[in-house]
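Heads up, the numbering used here is the position in the sequence shown plus 1450, with the first residue counted as 1. Where is the CB? At the ideal position from N, CA and C, for every residue including glycine.
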Amino acid sequence: MLEELKKKVLKANLDLKKNKLVLFTWGNVSEIDREKGLVVIKPSGVGYDGMTADDMVVVDLNGKVVEGNLYPSSDTPTHLEFYKAFQSVGGVTHTHSTFATSWAQAGRDIPFYGTTHADYFYGDIPCARSLTKAEIEGEYEKNTGLAIIEKFREEKLDPLEVPGVLIKSHGVFAFGKDGANSVYNATVIEEVAKMAFITETVNPDVKRADKFMMDKHYLRKHGKNAYYGQTKK
């Protein structure tokens, strides 16, 4: 079942290690088949070396295992809440990458300081609130997703325009049109987080870059009037 999707999700997960976003088993990627309403995700606690497509786990949107001999990632309920809330999202990545997670632990958004940021994120990369004691002691992973969704709805954010988020004291989630694209966005978040950290180190009084610069750089790569890259003639 979903053999090609399993291969795609395996590669996306292996790219986490290739892109130096994870140590040990500190991350996971999933992708959804919207027609079937099924999600393929990394198995829980399994290392990347030697992992195969057959190890990927298929679950439905209620978290029931449909196919697979291993338990799905413990973060599966978080991924599922995103798929249910954001119909445009086709892939989700979770990491504890060093610089981005440092911003999350500090409880800070990653501010827009320059064009590299604006090429991929239309605005600051937000940091969602900490979970309450009751949320942590309850359905922790599901509540993690709900807290992030709450943040996006409160600030009227589009997960394709701002395809990533931090959650306080935890780590990073990135969104994409598929699993591979969500890994790409998670990689960008880590680099932007590193740049922002260095920027504030060099100049502690730095201010956000101008919105007109953000508009120019984001919109030249995204939207109906985008002109960056090669177009079909």
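{"Query": "Cβ contact check for the segment 1531–1543 and the segment 1479–1489: 3 or more pairs under 8 Å", "Result": "yes"}
{"Query": "Counted within 10 angstroms of its Cβ, other Cβ atoms place Asn1689 as buried (16 or more) or exposed", "Result": "There is simply no residue 1689 to check, as the chain begins at 1451 and stops at 1683 in what is shown."}
{"Query": "Euclidean distance between Cα positions of Leu1452 and Phe1474", "Result": "27 Å"}
{"Query": "Ile1639 - partner residues in DSSP beta bridges", "Result": "The partner list for Ile1639 (beta bridge, DSSP) is empty, contrary to what the question assumes."}
{"Query": "Neighbour-count burial assignment, Lys1665, 16 or more Cβ in a 10 Å radius", "Result": "The question names Lys, but residue 1665 is Asp in the sequence shown. Asp1665 comes out exposed."}
{"Query": "Asn1519 burial status per 10 Å Cβ neighbour count (16 or more: buried)", "Result": "exposed"}
{"Query": "CB of Asn1635 within 8 Å of CB of Ala1624, strictly", "Result": "yes"}
{"Query": "Where Gly1621 sits in the DSSP three-state scheme", "Result": "strand"}
{"Query": "Bridge partners - Gly1614, DSSP secondary structure assignment", "Result": "Ala1624"}
{"Query": "Distance between beta carbons of Ser1523 and Pro1561, contact taken as under 8 Å", "Result": "31 Å between Cβ atoms; not a contact."}
{"Query": "Arg1488, enclosing beta strand (DSSP E) - first and last residue", "Result": "With the sequence shown as reference, residue 1488 is identified as Leu, and Arg is not the correct amino acid for it. Looking at the DSSP string, the run of the beta strand (DSSP E) that includes Leu1488 is 1488–1491."}
{"Query": "Phe1571 beta carbon less than 8 Å from that of Val1612", "Result": "yes"}
{"Query": "Cut-off 6 Å between Cβ atoms - residues of its own chain near Ser1538, not counting five sequence neighbours on either side", "Result": "Leu1610"}
{"Query": "Burial state of Tyr1668, where buried means 16 or more other Cβ atoms lie within 10 Å", "Result": "buried"}
{"Query": "Beta-carbon proximity check, Val1615 vs Ile1648, cutoff 8 Å", "Result": "no"}
{"Query": "Helix, strand or coil at Asn1463 according to DSSP, with G and I counted as helix", "Result": "helix"}
{"Query": "Buried/exposed call for Pro1527, threshold 16 Cβ in 10 Å", "Result": "buried"}
{"Query": "Buried/exposed call for Asn1653, threshold 16 Cβ in 10 Å", "Result": "exposed"}
{"Query": "Endpoints, beta strand (DSSP E) assigned at Asn1478", "Result": "1477–1483"}
{"Query": "Residues bridged to Thr1543 [DSSP beta-bridge criterion]", "Result": "Val1479, Ala1624"}
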